[in-house]
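Chains as they are written, first to last, in my numbering: chain C, 5 to 416; chain Z, 6 to 214.
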């Protein structure tokens, strides 16, 4: 079991401003490599006295803590921050609640601009670390107390950024992530002590989260029937989601527009669906564009295929403990039931005997055909997929919904 | 920028899809501005080069402007055979702005007729060009002459012209003056002559010509 609670922390220092047990947030989401938004409401009659400073837009982050408890209700271990978002808006009315808009800290990256920077032969993770350290972290200019955790320097890249290009840190990191083999990144939260603080940490690497070890079960599995109460398998081949002929193009320089060669899947079972996109403006190297096209083709050639499994947070594998964003997660949906064999009875309703053609009497059982536990998935659906994000619904019974994506192309 | 093929793009659209799309478009639009400006930089530079070239050509063409003047016909009589140049009171004047400081002056006449007074000696009609307004009006300095001669008593006629470069020291409007003179030598009997349609052409020339 676990308890969820909210605290407000100073955006610049991570110091706890207030506990906000009354904060009401409908749901929160987190996704690799992009920001998510949420709305919150704080009932003022039960709010702490310093609620104004604890909800200051741009100055405070709301962090959701998950505290494990034992059967007696005692706290077990340290709470785990599972989500955090900066207050971006706080409209106040005559009502006795104060509403707020929250955005995960990836959104802060979209509020900072990258200046003139040149990286030649620098690992991609190191590039991300340097940029975040210079343009988001607290330093010469006020920033956020973010720490970068990376797995080595990563694949060597060349990148040049110009102040005049008006690219935000978010835009630059998104472009880097979009290249073939580019660095994945996501902002999480961690405790720091002496003094007690909750600070953001940027996880970056060619892959964040843990891959399942061959021959072993994934660290966490969501199944239905089981803790999962609802499931949505979404297969999307609409525009922007599915294509089998992909080209990455840049903005033009004079009458020349750099573009990648067409990247085409070998699967010809679908008619041609073309996709052209601009991963970033001002890309001049065709090789970079080709990297983007290859990366995109790998994800869109079979369309976007995701599994969203909703389970009661209290009984599901624990986010932040059993699994984190980026992990390989197991899932099992439905399958065939094995009903108990039932006996065939005679016309005599009071006995389970019948008389065979030879005049002998006896009983017999028959096994009815198996039935699908979840009819929409004949025979069931199971496998392992990456948790590219999650949604946590907090109203009433807290529900956790990992968003699993088929990024291997194997299909569901 | 809304990039397809990103892990985040695989997430089914939620309630915030429209807001996110708008934010992505705003970001894309903002980044396109500098990008478009940069993409036009070479075009703008090319246009600037062309404009500079056109301006240079315009200046060059302006430098090639020409003005001309025609003086009245006149008679020279007598032309003593004493070998002395005598200027004739018939001149042509051209005013011309010379921006480059150099000009090409051509002076001539459609027809010059000389009639010797006796059967020996030689006569000629010369003309001079001067420039007023400059301290160093000539290049090379000195009066330039073209002479048409008639010898041994027969009447003779020629069209004559001479072209000389002129360096104008004072940039601005210059006044070019043409004046004819006559000379004869070894004549006992004075000669005479006629100059028909004397003219002067002043052409501004670029410095590198």
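Note that CB positions come from ideal geometry on N, CA and C, so glycine has one too. Everything numeric in this text was worked out from a predicted model, so none of it was measured.
Going by DSSP, what residue range makes up the beta strand (DSSP E) through residue i?
i              : result
residue 334(C) : 332-337
residue 327(C) : Per DSSP, residue 327(C) belongs to no beta strand (DSSP E) and is neither H nor E.
residue 35(Z)  : That residue, residue 35(Z), is in no beta strand (DSSP E); its alpha helix (DSSP H) goes 22-44.
residue 113(Z) : 107-120
residue 204(Z) : 196-209
residue 92(C)  : 84-93
residue 102(C) : 101-107
residue 98(C)  : Note, residue 98(C): premise wrong, no beta strand (DSSP E); not H, not E.
residue 80(Z)  : 79-84
residue 281(C) : 278-281
residue 74(Z)  : 71-75
residue 72(C)  : 64-72
Assuming residue i and residue j make a contact with CB atoms under 8 angstroms, what is their CB distance in whole Å?
i              : j              : result
residue 41(C)  : residue 21(Z)  : 6 angstroms
residue 206(C) : residue 136(C) : 6 angstroms
residue 262(C) : residue 228(C) : Between residue 228(C) and residue 262(C) the Cβ distance is about 47 angstroms, and since that is not below 8 angstroms, they are no contact.
residue 164(Z) : residue 115(Z) : 6 angstroms
residue 402(C) : residue 318(C) : 7 angstroms
residue 297(C) : residue 250(C) : 5 angstroms
residue 201(C) : residue 19(C)  : 5 angstroms
residue 330(C) : residue 390(C) : 7 angstroms
residue 88(C)  : residue 104(C) : So it is not a contact: roughly 13 angstroms between Cβ atoms.
residue 196(Z) : residue 121(Z) : 5 angstroms
residue 123(Z) : residue 194(Z) : 4 angstroms
Does DSSP put residue i in a helix, in a strand, or in coil?
i              : result
residue 78(C)  : coil
residue 163(Z) : strand
residue 168(C) : helix
residue 200(C) : coil
residue 227(C) : strand
residue 288(C) : coil
residue 23(C)  : strand
residue 56(Z)  : helix
residue 117(C) : strand
residue 157(Z) : Bear in mind that the predicted position of residue 157(Z) carries a pLDDT of just 48, short of 50, making it unreliable; the figure below should be weighed with that in mind. The answer is coil: DSSP assigns residue 157(Z) none of H, G, I, E or B.
residue 39(C)  : coil
residue 15(Z)  : helix
residue 184(Z) : strand
residue 12(C)  : strand
residue 143(Z) : At residue 143(Z) the pLDDT is 39, less than 50, meaning the model places this residue with poor confidence; the figure from the coordinates comes in the next sentence. Three-state DSSP puts residue 143(Z) in coil, outside helix and strand.
residue 308(C) : strand
residue 214(Z) : Unreliable placement is indicated for residue 214(Z), whose pLDDT of 47 sits below 50; the coordinate value is still reported in the next sentence. Reduced to three states, the DSSP call for residue 214(Z) is coil.
residue 395(C) : strand
residue 65(Z)  : helix
residue 148(Z) : Note that residue 148(Z) has pLDDT 48, beneath the 50 cutoff, so the model's placement of it is unreliable and the number below is only indicative. Residue 148(Z): coil per DSSP, three-state reduction.
residue 57(C)  : helix
residue 190(C) : strand
At 8 angstroms on the CB atoms, spell out the chain Z contacts of residue i, in chain order.
i              : result
residue 94(C)  : Residues of chain Z passing the Cβ test: none, with the nearest at roughly 18 angstroms.
residue 188(C) : 12
residue 36(C)  : 12 and 13
List the residues of chain C whose Cβ lies closer than 9 angstroms to the Cβ of residue i, in chain order.
i              : result
residue 54(Z)  : What residue 54(Z) touches in chain C: nothing, since even the nearest Cβ is about 13 angstroms away.
residue 43(Z)  : 166, 168, 169, 255, 257, 285 and 286
residue 36(Z)  : 169, 170, 171, 172, 175, 255, 284, 285 and 286
residue 107(Z) : Here the premise fails: no neighbours, minimum Cβ distance about 40 angstroms.
Considering residue i, what are the terminal residues of the alpha helix (DSSP H) in which it resides?
i              : result
residue 138(C) : 128-139
residue 244(C) : Taken as a continuous stretch (DSSP letters only), residue 244(C) belongs to no alpha helix (DSSP H), as it is neither H nor E.
residue 113(C) : 110-113
residue 409(C) : No alpha helix (DSSP H) holds residue 409(C); the beta strand (DSSP E) holding it covers 403-409.
residue 215(C) : From DSSP, residue 215(C) is part of no alpha helix (DSSP H); its letter is neither H nor E.
residue 179(C) : 173-182
Counting only Cβ pairs nearer than 9 angstroms, list the residues of chain Z close to residue i.
i              : result
residue 41(C)  : 21, 24 and 25
residue 310(C) : 15, 16 and 17
residue 409(C) : 12, 15 and 16
residue 392(C) : 12, 13, 15 and 16
Output, in chain order, the set of chain C residues within a Cβ distance shorter than 7 angstroms of residue i.
i              : result
residue 164(Z) : Within 7 angstroms Cβ-Cβ: nothing; residue 164(Z) doesn't reach chain C, min ~57 angstroms.
Show which residues of chain C have a CB atom less than 8 angstroms away from the CB atom of residue i.
i             : result
residue 40(Z) : 169, 255, 285 and 286
How would you list, in chain order, the residues of chain Z whose beta-carbon sits under 7 angstroms from the beta-carbon of residue i?
i              : result
residue 279(C) : 9
| query | Taking three-plus beta-carbon pairs below 8 angstroms as touching, is the stretch 91-101 of chain C in contact with the stretch 175-184 of chain C? | reply | Here the stretch 91-101 of chain C does not lie against the stretch 175-184 of chain C, with fewer than 3 beta-carbon pairs under 8 angstroms apart.
| task | Determine, using beta-carbon pairs with one atom in the stretch 30-50 of chain Z and one in the stretch 54-68 of chain C, whether at least three such pairs fall under 8 angstroms. | result | no
| At a cut of 8 angstroms, does the stretch 11-21 of chain Z reach the stretch 28-36 of chain C through at least three beta carbon pairs? | yes
| query | Would you call the stretch 122-131 of chain C and the stretch 157-172 of chain C in contact, with 3 or more CB pairs under 8 angstroms? | reply | yes
| query | Would the stretch 149-160 of chain C and the stretch 391-398 of chain C be scored as touching if the rule is three or more Cβ pairs under 8 angstroms? | reply | no
| the stretch 297-308 of chain C in contact with the stretch 238-245 of chain C per 3-pair CB rule at 8 angstroms | yes
| said: Using a Cβ distance threshold of 8 angstroms, determine whether the stretch 62-79 of chain C contacts the stretch 136-145 of chain C, with at least three qualifying pairs required. | reply: no
| task | Evaluate the contact criterion for the stretch 188-203 of chain C versus the stretch 320-336 of chain C: three or more CB pairs, one atom per stretch, below 8 angstroms. | result | The stretch 188-203 of chain C, when compared against the stretch 320-336 of chain C, does touch it at the 8 angstroms Cβ threshold.
| Per the contact definition of three or more C-beta pairs closer than 8 angstroms, is the stretch 54-71 of chain Z in contact with the stretch 177-194 of chain Z? | Touching, no.
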